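So for the sequence shown, UniProt numbering puts the first residue at 1; every next one is plus one. Beta carbons are placed, not taken as given, at the ideal position from N, Cα and C, and that holds for glycine. All values reported here derive from a predicted model rather than from experimental measurement. Working notes, structure below.
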Amino acid sequence: MARRTKVATGATALALAVGGIVVVNTTGTPDAARADGADKSFFIDITKVPRGNNVNLDLAKRGARGTFTVDCGRNENGHFNGDNFIAQPGVRNGAEHLHDYVGNLSTNADSNNKSLLRAGTTCKNGDKSAYFWPVIRINTEEEEANEAANEEKLAADRVDAAKDEAGAQVDCPDVASELEEVPDQAMPAVDENLDKLDRESENANNQLAQGKQAAQVLDELKNKRKPSIQQIGDTMRQAGKPVAKNEDQLASCAVKQNGKGGLDNGGDNSNVNAAGDAEKKKADGNAADLPGVNDNNEIGDNEGEIQRAEKVDLTFTSGGARRVVAMPKFLRVLYGDAKQSTNGPANARPSWTCTGFEDRLTELYPICPRGSKVTRIHSFPNCWDGKNTDSANHRTHIVFSDRNGKCPRGFKNVPQLRITLVYDIPADIQAAGQYAVDAFAQEKHNPRSDHDDFANVMSQRLMNQLVKCINSGKRCRQ
Numbered sequence: 001m002a003r004r005t006k007v008a009t010g011a012t013a014l015a016l017a018v019g020g021i022v023v024v025n026t027t028g029t030p031d032a033a034r035a036d037g038a039d040k041s042f043f044i045d046i047t048k049v050p051r052g053n054n055v056n057l058d059l060a061k062r063g064a065r066g067t068f069t070v071d072c073g074r075n076e077n078g079h080f081n082g083d084n085f086i087a088q089p090g091v092r093n094g095a096e097h098l099h100d101y102v103g104n105l106s107t108n109a110d111s112n113n114k115s116l117l118r119a120g121t122t123c124k125n126g127d128k129s130a131y132f133w134p135v136i137r138i139n140t141e142e143e144e145a146n147e148a149a150n151e152e153k154l155a156a157d158r159v160d161a162a163k164d165e166a167g168a169q170v171d172c173p174d175v176a177s178e179l180e181e182v183p184d185q186a187m188p189a190v191d192e193n194l195d196k197l198d199r200e201s202e203n204a205n206n207q208l209a210q211g212k213q214a215a216q217v218l219d220e221l222k223n224k225r226k227p228s229i230q231q232i233g234d235t236m237r238q239a240g241k242p243v244a245k246n247e248d249q250l251a252s253c254a255v256k257q258n259g260k261g262g263l264d265n266g267g268d269n270s271n272v273n274a275a276g277d278a279e280k281k282k283a284d285g286n287a288a289d290l291p292g293v294n295d296n297n298e299i300g301d302n303e304g305e306i307q308r309a310e311k312v313d314l315t316f317t318s319g320g321a322r323r324v325v326a327m328p329k330f331l332r333v334l335y336g337d338a339k340q341s342t343n344g345p346a347n348a349r350p351s352w353t354c355t356g357f358e359d360r361l362t363e364l365y366p367i368c369p370r371g372s373k374v375t376r377i378h379s380f381p382n383c384w385d386g387k388n389t390d391s392a393n394h395r396t397h398i399v400f401s402d403r404n405g406k407c408p409r410g411f412k413n414v415p416q417l418r419i420t421l422v423y424d425i426p427a428d429i430q431a432a433g434q435y436a437v438d439a440f441a442q443e444k445h446n447p448r449s450d451h452d453d454f455a456n457v458m459s460q461r462l463m464n465q466l467v468k469c470i471n472s473g474k475r476c477r478q
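Laid out in structure tokens, this is it:
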């Protein structure tokens, strides 16, 4: 039986703004209006939030004005799980709360670069990137839908993922991220050759899977990559935008297997996900199942009816930079901090607002005026170290620019992903403090723990088009 969760009955809850913090008065049981334990001090009337504190709006007035919006739907296919392959790789339900996914259709605890490339996507333009965030829930009097997990399918996915991890695969330099700016006249030739590079890598992986010697595969791959890279270099030089990195260096690839090897060859930021979270593993090395997961996708004390976003907007911007360069394929990026109560406030960011009030952001759950809707805005870090697609803490390889859009020394401005989520949450539910974001138990549904995750799996050609739209000032939608 699916667990029932109840809203308060009896007197109507009345929200009063006191010093900007909303206090909810009810008759009857004091805790009757709680939303899975969300504290009343976590809610605020949006009209009490100061105007002009949305730094993203300030950055939008600076630098390149172009944008690139990807249509990946609203998770109409019901892709949910409590996994996080970036922060807790290989750990089933390692997030201890439910994630809402759009984009890559295969995303789970065991996802890796190869499985992500092989999967389908909800994005209309073929973008296979993974976009995921914790769900919002409210309580209802109705019995929630009983959506039993397809254990057979999950088991098959885990077997495939284990094979992917154990199998050898090529690790090649990302050429698109080395192109400073591609002029219009150079775009067709550059795009064509970027596609060739992706196809050659895929062919090389197939040869490795068939048992061909790695050294031979790498030699042949380098010879096949050289003409495409040389054509890109010639095209860019003719356009007055030479490629800075040596062409022979860009042509050379390495082999990675079981999370080891590859281009970084054991460097500080390589293989950061290979071991997973040891504390979540059983003694036999298998991922431990967490208690408290029921048929309603309720994990731990995260209870209630899942609210699908009414609108999901995935837009890449310049982040205030005069120009941006391509993100490398498989770049991992985190927004916010799911464990801010443990880690401290440094990485937590104000994410909450209401439609019509986007000039103000708050760290608290907003109570919106009639006709306005609850909104989450997640603007990701946008300064890449130019080398690593991940780091040990999943943060040091990509950080935020300053308020002028400038990156720290040695970092490159890459497109800034901005995810906007709009929810149609009834006004009385807002006023009674009966909605909350899924969270780790220690967060007690603190809205400051809101976060978001992204893994770039765009083709180099698509990423190149994205960069061109931003730097040229165009408003592109795909």
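- In this structure P381 touches V333 by the C-beta definition: roughly 6 angstroms separates them, less than 8 angstroms.
- Per DSSP, D191 is one residue of the alpha helix (DSSP H) stretching across 187 to 209.
- With a threshold of 16 other beta carbon atoms within 10 Å, R448 meets it and is buried.
- According to the DSSP assignment, Q430 belongs to the alpha helix (DSSP H) that extends over 427 to 431.
- Per the Cβ contact rule, the stretch 403 to 417 is in contact with the stretch 300 to 317 (3 or more Cβ pairs under 8 angstroms).
- Per DSSP, T342 is one residue of the alpha helix (DSSP H) stretching across 340 to 343.
- Taking 8 angstroms as the upper bound for CB-CB distance, L331 and N456 are in contact here, some 4 angstroms apart.
- Shown here for T67: same chain residues with a beta carbon closer than 6 angstroms to its own, the five before and five after excluded, namely T315, T317, R475 in chain order.
- Buried is the label assigned to R376, since at least 16 other Cβ atoms lie within 10 Å of its Cβ.
- In the DSSP assignment, N104 forms a beta bridge with T121.
- For R461, the enclosing alpha helix (DSSP H) covers residues 460 to 472.
- Excluding sequence positions up to five before and after A214, its CB lies within less than 7 angstroms of the CB of A168, L208, V255, all in the same chain and listed in chain order.
- By the Cβ criterion, the stretch 40 to 57 is in contact with the stretch 357 to 368, since at least three pairs of Cβ atoms, one from each stretch, lie closer than 8 angstroms.
- Between the stretch 385 to 394 and the stretch 361 to 368, the count of Cβ pairs shorter than 8 angstroms is below three; the stretches do not touch.
- DSSP places S379 in the uninterrupted beta strand (DSSP E) bounded by 374 to 379.
- Rounded to the nearest angstrom, the gap between the Cα atoms of S129 and N113 is 10 angstroms.
- Residue nearest to A87 within the set L98, D71, G103, A109 is A109 (criterion: CA-CA distance).
- Counting only runs of 3+ residues, the beta strand (DSSP E) found wholly inside the stretch 350 to 416 occupies 352 to 354, 365 to 367, 374 to 379, in chain order.
- Across the structure, G261 and D424 are spaced so that their CA atoms are roughly 48 angstroms apart.
- A204 and Q216 have their alpha carbons spaced roughly 10 angstroms apart.
- Inter-segment contact for the stretch 53 to 66 and the stretch 81 to 95 is absent: fewer than three beta-carbon pairs are separated by less than 8 angstroms.
- In this structure the stretch 88 to 106 does not touch the stretch 393 to 407; the number of beta carbon pairs closer than 8 angstroms is below three.
- By the beta-carbon neighbour count (other beta carbons within 10 angstroms, threshold 16), T342 is exposed.
- Taking R51 as the centre and dropping the five residues before and after it, the same chain places the C-beta of D359, R360 closer than 6 angstroms to its C-beta, in chain order.
- Residue state for V217 is assigned as helix, using DSSP reduced to three classes.
- Closest by C-alpha distance to D402, out of D453, L59, G233, is L59.
- When C-alpha distances from Q231 are compared across D453, L194, G103, S372, the shortest belongs to L194.
- Counting along the chain, V333 sits inside no alpha helix (DSSP H); it lies in the beta strand (DSSP E) bounded by residues 332 to 336.
- Beta bridge pairing from DSSP links V70 with L314.
- In the DSSP assignment, E247 falls within the alpha helix (DSSP H) that extends over 247 to 251.
- Minimum Cα-Cα distance from I299 among the listed residues P345, K245, I136 corresponds to I136.
- Take the alpha-carbon of N53 and the one of A348: they are about 15 angstroms apart.
- Secondary structure note for A455: its beta strand (DSSP E) is the uninterrupted segment 451 to 455.
- In this structure, D450 keeps its C-beta atom at 7 angstroms or more from the C-beta atom of G371.
- In this structure, the straight-line span from the alpha carbon of V182 to that of T235 is close to 9 angstroms.
- By the beta-carbon neighbour count (other beta carbons within 10 angstroms, threshold 16), P328 is buried.
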